[in-house]
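Here is the structure we will look at, set down as structure tokens.
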Amino acid sequence: MTSVSSSMLAGFISTMLKLLSVISKCHRFILKSSAERYVS
Numbered sequence: 001m002t003s004v005s006s007s008m009l010a011g012f013i014s015t016m017l018k019l020l021s022v023i024s025k026c027h028r029f030i031l032k033s034s035a036e037r038y039v040s
């Protein structure tokens, strides 16, 4: 692999990890709010 493609791959992976962390946070928040809605 060339350095350009490897750096692009590293940037893509870091972006995916950021997206995954944001999605998991939003998913947890949605689960919490829906659970509170069902309880009340």
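Taken in order, the sequence shown gives residues 1 to 40; the numbers are from the UniProt record's numbering. Don't be surprised by glycine CBs; every beta carbon is placed ideally from N, CA and C.
Euclidean distance between Cα positions of residue i and residue j
i: residue 29; j: residue 13; result: 24 Å
i: residue 4; j: residue 37; result: 49 Å
i: residue 16; j: residue 25; result: 14 Å
i: residue 19; j: residue 27; result: 12 Å
i: residue 23; j: residue 6; result: 25 Å
i: residue 33; j: residue 2; result: 47 Å
i: residue 9; j: residue 21; result: 18 Å
Enclosing alpha helix (DSSP H) for residue i [first to last residue]
i: residue 15; result: 3–39
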